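Q: Below you will find the structure I want to go over with you.
Given below as structure tokens:
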């Protein structure tokens, strides 16, 4: 039986391709799924061939569904997002995935939560930042009031996504408290793996002579 995954991302994937930030099977760990549908909540048009590596052996499908603008929805009032949400639900109905996978919990997470509510498809969300600290915590009302308002209006998306998710996967431990505070029920820290094809179990902890140390600072 064919297994299908729907992944909803806000990222400009063509920019990641241009920077070389492409990880094997990132969107299909372990080649668990036979088909992967990548739904981008933007108008980006990346090269499918360049992204094939991210889904491993699965057949890749790309879709675009950019949300209405912030001003056009009066600050993302839900009533003005209904048409966009219905389009996402219809697409998911046609795809009929076994699982919805969301990276982040902003507009894309809200869309996934609505799909789950209407179609009953399980939802897994990974968290890559703590918006309370990294966004709202670092943005003062003045003089950055537009950005401050933007981040404040993201909060309903975040909470709805986390409450709807069957599992929430923070990519590092300090995000856990944010997820719990905002409504996540089941959490498991799941670190991002870079170049997973080169990972291997360590079989010796003996020091070299002389000892060699690699120190990694806070790199973003």
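In our numbering, the protein residues as written are -6 to 213.
C-beta atoms are modelled at their ideal positions from N, C-alpha and C, and glycine is treated no differently.
Since we're looking at a predicted model, the values are computed, not measured.
(1) I need the DSSP call for residue 7, collapsed to helix, strand or coil.
(2) With which residues is residue 119 paired in a DSSP beta bridge?
(3) Between which residues of its own chain and residue 24 is the CB-CB distance below 8 Å, once the five residues before and five after are set aside?
(4) Could you please give the first and the last residue of the uninterrupted beta strand (DSSP E) stretch that includes residue 33?
(5) On a Cα-Cα basis, can you pick out the residue from 88, 96, 70 that is closest to residue 6?
(6) Report the partner residues of residue -3 according to the DSSP bridge assignment.
(7) From the DSSP output, read off the bridge partner residues of residue 2.
(8) Since residue 148 is in the beta strand (DSSP E), which residue starts that stretch and which ends it?
(9) Return the bridge partner residues of residue 57 from the DSSP annotation.
(10) Roughly how many angstroms separate the alpha carbons of residue 175 and residue 153, rounded to a whole number?
(11) Residue 170 to residue 202, Cα distance in whole Å?
(12) Quick check on the DSSP output: the alpha helix (DSSP H) that includes residue 207 runs from which residue to which?
(13) With DSSP run on the structure shown, which of helix, strand or coil describes residue 193?
(14) Where does the unbroken alpha helix (DSSP H) through residue 79 begin, and where does it stop?
(15) Among residues of its own chain, excluding the 5 on either side of residue 85, which ones have a beta-carbon nearer than 8 Å to its beta-carbon?
(16) With contact counted as at least three CB pairs below 8 Å, one residue from each stretch, are the segment 132 to 148 and the segment 75 to 89 in contact?
(17) Measure the C-alpha to C-alpha separation of residue 20 and residue 29 and round it to an integer number of angstroms.
(18) So, is residue 103 buried or exposed, given that buried needs 16 or more other C-beta atoms within 10 angstroms?
(19) Going along the chain, which residues of its own chain have a beta-carbon closer than 8 Å to the beta-carbon of residue 140, five neighbours each way excluded?
A: The structure says:
(1) The count along the chain shown starts at 1 and reaches residue 7 at position 14. Assigned with DSSP and collapsed to three states, residue 7 falls in helix.
(2) For the purposes of this step, residue 119 is identified with residue 126 of the chain shown, where counting begins at 1. Residue 119 is bridged by DSSP to 96, 162.
(3) Counting from 1 along the chain shown, the entry for residue 24 is found at position 31. Counting only Cβ-Cβ distances below 8 Å, and skipping sequence neighbours, we find 18, 49, 50, 51.
(4) Residue mapping note: residue 33 aligns to position 40 of the chain shown, counting from 1. That run of the beta strand (DSSP E) goes 28 to 33.
(5) Position 13 of the chain shown holds residue 6. The shortest C-alpha separation from residue 6 is found at 96.
(6) Position 4 of the chain shown, counting from 1, holds the residue named residue -3. DSSP links residue -3 through a beta bridge to 28.
(7) Your numbering for residue 2 matches position 9 in the chain shown. Note: residue 2 sits in a beta bridge opposite 33.
(8) Position 155 of the chain shown, counting from 1, holds the residue named residue 148. According to the DSSP assignment, residue 148 belongs to no beta strand (DSSP E) but to the alpha helix (DSSP H) extending over 138 to 157.
(9) As a first step, residue 57 is located in the chain shown; it is residue number 64 there, counting from the start. In the DSSP output, where bridge partners are listed per residue, residue 57 has 33.
(10) On the chain shown, residue 175 is found 182 positions in, with the first residue counted as 1. On the chain shown, residue 153 is found 160 positions in, with the first residue counted as 1. Cα-Cα distance, rounded: 9 Å.
(11) Counting from one through the chain shown, the residue named residue 170 turns up at place 177. Counting from one through the chain shown, the residue named residue 202 turns up at place 209. Rounded to whole angstroms, the separation of the alpha carbons of residue 202 and residue 170 is 42 Å.
(12) For the purposes of this step, residue 207 is identified with residue 214 of the chain shown, where counting begins at 1. Per DSSP, residue 207 is not a residue of any alpha helix (DSSP H), being assigned neither H nor E.
(13) Numbered from its first residue, the chain shown carries residue 193 at position 200. When secondary structure is reduced to three states using DSSP, residue 193 falls in the coil class, being assigned neither helix nor strand.
(14) As a first step, residue 79 is located in the chain shown; it is residue number 86 there, counting from the start. Residue 79 -> alpha helix (DSSP H) spans 75 to 88.
(15) The sequence position of residue 85 within the chain shown is 92, counting from 1. Around residue 85: -1, 93, 108, 112, 114.
(16) Flag = no, the segment 132 to 148 and the segment 75 to 89 do not touch.
(17) Residue 20 sits at position 27 when you count from the first residue of the chain shown. Residue 29 sits at position 36 when you count from the first residue of the chain shown. Rounded to whole angstroms, residue 20 and residue 29 show a C-alpha spacing of 8 Å.
(18) On the chain shown, position 110 is the one that residue 103 refers to. Burial state of residue 103 is buried, judged by a 10 Å Cβ sphere holding 16 or more other Cβ atoms.
(19) Numbered from 1 along the chain shown, position 147 holds the residue referred to as residue 140. Within the same chain, residue 140 has close Cβ partners 132.
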